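2 protein chains.
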Amino acid sequence: MQLENKIQKTNNEEVKLEVESIDFFVRMMSILGLPRSVGEIYGVLYFTESPLSMDEISSRLSISMGSTSQGLKTLRSLKAIRTSYVKGDRKDHYIAETEFRRLFSNFIKEDILPHLDSAADRISRMEKHVKADSDINQEFYSTRIEKLKRLTKAGRKLLPALAGLLKI
Amino acid sequence: MQLENKIQKTNNEEVKLEVESIDFFVRMMSILGLPRSVGEIYGVLYFTESPLSMDEISSRLSISMGSTSQGLKTLRSLKAIRTSYVKGDRKDHYIAETEFRRLFSNFIKEDILPHLDSAADRISRMEKHVKADSDINQEFYSTRIEKLKRLTKAGRKLLPALAGLLKI
DNA sequence: CAAAGATTTCAAAAAAAAATGAAAATTGCA
DNA sequence: TGCAATTTTCATTTTTTTTTGAAATCTTTG
Numbered sequence: 009m010q011l012e013n014k015i016q017k018t019n020n021e022e023v024k025l026e027v028e029s030i031d032f033f034v035r036m037m038s039i040l041g042l043p044r045s046v047g048e049i050y051g052v053l054y055f056t057e058s059p060l061s062m063d064e065i066s067s068r069l070s071i072s073m074g075s076t077s078q079g080l081k082t083l084r085s086l087k088a089i090r091t092s093y094v095k096g097d098r099k100d101h102y103i104a105e106t107e108f109r110r111l112f113s114n115f116i117k118e119d120i121l122p123h124l125d126s127a128a129d130r131i132s133r134m135e136k137h138v139k140a141d142s143d144i145n146q147e148f149y150s151t152r153i154e155k156l157k158r159l160t161k162a163g164r165k166l167l168p169a170l171a172g173l174l175k176i
Numbered sequence: 009m010q011l012e013n014k015i016q017k018t019n020n021e022e023v024k025l026e027v028e029s030i031d032f033f034v035r036m037m038s039i040l041g042l043p044r045s046v047g048e049i050y051g052v053l054y055f056t057e058s059p060l061s062m063d064e065i066s067s068r069l070s071i072s073m074g075s076t077s078q079g080l081k082t083l084r085s086l087k088a089i090r091t092s093y094v095k096g097d098r099k100d101h102y103i104a105e106t107e108f109r110r111l112f113s114n115f116i117k118e119d120i121l122p123h124l125d126s127a128a129d130r131i132s133r134m135e136k137h138v139k140a141d142s143d144i145n146q147e148f149y150s151t152r153i154e155k156l157k158r159l160t161k162a163g164r165k166l167l168p169a170l171a172g173l174l175k176i
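From first to last, the protein sequence lines stand for chains A and B. Read in order, the letters of the first sequence correspond to residues 9 to 176 in our numbering. Read in order, the letters of the second sequence correspond to residues 9 to 176 in our numbering.
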């Protein structure tokens, strides 16, 4: 471990900033349904200039290596962080990716759109059941199914467009 | 309890449709972070023509009255259902509100925008900490804070607009 | 290529979220 | 108003999710 890395954040204001940052991203990630540890890790990285290794993150947050590893994996899959080579150190180092536009686009692609695909299957099964049932008010059921179709179609169009509108 | 209400869904296709509907809305609500029971209740109501009472919902889903009451409360607050008077029956009866546009708009207003408000406070505290700390790279920290501001501003604009775009 | 270091995996523990059910509160009818 | 029906509340239980920590795996370099 290199000397710089041993230097703790002792500066009071810097510590307070980090706390606010962690708080901010923990809440934000939890809106997106991501676990606390993921928000904590991103919160630390967001206001850190030099790349941090896994055990630095783990010890700053006092969370286990297991959690840290899982959290970094999630963040990597969302492309919310990237690894950065630090010469003379064998550990991987991470820095935050701060283009939120891309970040949301990845989240939508990875965590939302797959649901819309299975929704489409489910709707077509619904249609079969409605058509197969002569005892029911076809009009009513068909209208409701039509609404679901429009909803998923709109989702499929709007969600990816949403990330594009984020001029950040 | 009136006679009609005792008539169970015995029709096979109608039962299958209900199962698919519940499945659909359970998943959809869970994307929005709402509990399973809320999705189940809306799923039953979505494909039901005549208003259902709380105990009809509870027994169709085999969930407790407590859960049903909580779930209906949530759905009411999102304006995803409304009560409907049924003459000669003292119980409240519910039907699904199917204008998804309004539904999402309420969800955003109720469950998302409040977070953006507290985010704004947190960001202004961050700014204070950065300004109070002469030892740090002001440039770097200010840029990051600026990004957060733009993010919350964009969220505040885009999210309500999103519901408006839903022509459903 | 061995072994020390770094990371990942995963069963078990802990924590958080949701459901239950019974008691309390509310409602509306006689 | 009083009472029975309905609904809500909330402490407890159950279920689900997340974290831990130790073992297994993978990596680097001496």
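Built from N, CA and C at the ideal position, the CB exists for glycine as well. Fair warning: this is a prediction, and the values are worked out from it, not measured in the lab.
Spatial distance of Lys157 (chain B) from Ser126 (chain B) (CA atoms):
12 angstroms
Chain A contacts made by the region 76 to 90 of chain B, where a contact means CB separation under 7 angstroms
none
Checking the sheet assignment: what are the DSSP bridge partners for Tyr102 (chain A)?
A:Leu60 and A:Thr91
Is Leu53 (chain B) closer than 8 angstroms to Ile30 (chain B) when the C-beta atoms are compared?
no
For Gly51 (chain B) and chain A, any beta-carbon pair shorter than 8 angstroms?
no
Taking the alpha carbon of Lys87 (chain B) as the point to measure from, which residue in B:Asp97, B:Asp119, B:Met73 and B:Ser66 has its own alpha carbon closest?
B:Asp119
Under 8 angstroms between beta-carbons, which chain A residues line up against Glu22 (chain B)? List them in chain order, please.
His137, Asp141, Asp143 and Ile144
What's the call for Arg152 (chain B), buried or exposed, on a 16-neighbour Cβ count within 10 Å?
buried
Can you pull the chain A neighbours of Ile120 (chain B), defined as C-beta to C-beta under 8 angstroms?
Ile39
Whether Leu60 (chain A) touches Tyr93 (chain A) by CB criterion (8 angstroms):
no
Should the region 136 to 154 of chain B be called in touch with the region 16 to 36 of chain A, which here means at least 3 C-beta pairs below 8 angstroms?
yes
Tell me whether Met9 (chain B) sits in a helix, a strand or coil according to DSSP, three-state version.
Bear in mind that the predicted position of Met9 (chain B) carries a pLDDT of just 35, short of 50, making it unreliable; the figure below should be weighed with that in mind. Here Met9 (chain B) sits in coil by DSSP.
Report the rounded CA-to-CA distance for Arg109 (chain A) versus Glu154 (chain A), giving the unit in angstroms.
32 angstroms
Asp143 (chain B) in three-state terms, based on DSSP
coil
Do we get a CB-CB distance below 8 angstroms when we pair Phe55 (chain A) with the residues of chain B?
yes
Using a beta-carbon distance below 8 angstroms, is Leu159 (chain B) in contact with chain A?
yes
Could you tell me which of A:Ala162, A:Lys161, A:Thr160 and A:His137 sits nearest to Ser150 (chain A), measuring between CA atoms?
A:His137
May I ask which residues mark the beginning and end of the alpha helix (DSSP H) holding Ser38 (chain A)?
Asn20 to Ile39
In or out: Phe148 (chain A) buried (at least 16 other Cβ within 10 Å) or exposed?
exposed
Does Ile57 (chain B) pass the burial test, meaning 16 or more other C-beta atoms within 10 Å, or should it be called exposed?
Here residue 57 (chain B) turns out to be Glu, not Ile, going by the sequence shown. With fewer than 16 Cβ atoms within 10 Å of its Cβ, Glu57 (chain B) is classed as exposed.
8 angstroms is my cut-off, CB to CB: does Lys17 (chain A) come that close to chain B?
no
For Met36 (chain A), does the count of other Cβ atoms within 10 angstroms reach 16, so buried, or fall short, so exposed?
buried
How would you label Ser66 (chain A), buried or exposed, when you count the other beta carbons within 10 angstroms and need 16 or more for buried?
buried
Between Tyr149 (chain A) and chain B, is the shortest Cβ-Cβ distance under 8 angstroms, so that the two count as touching?
yes
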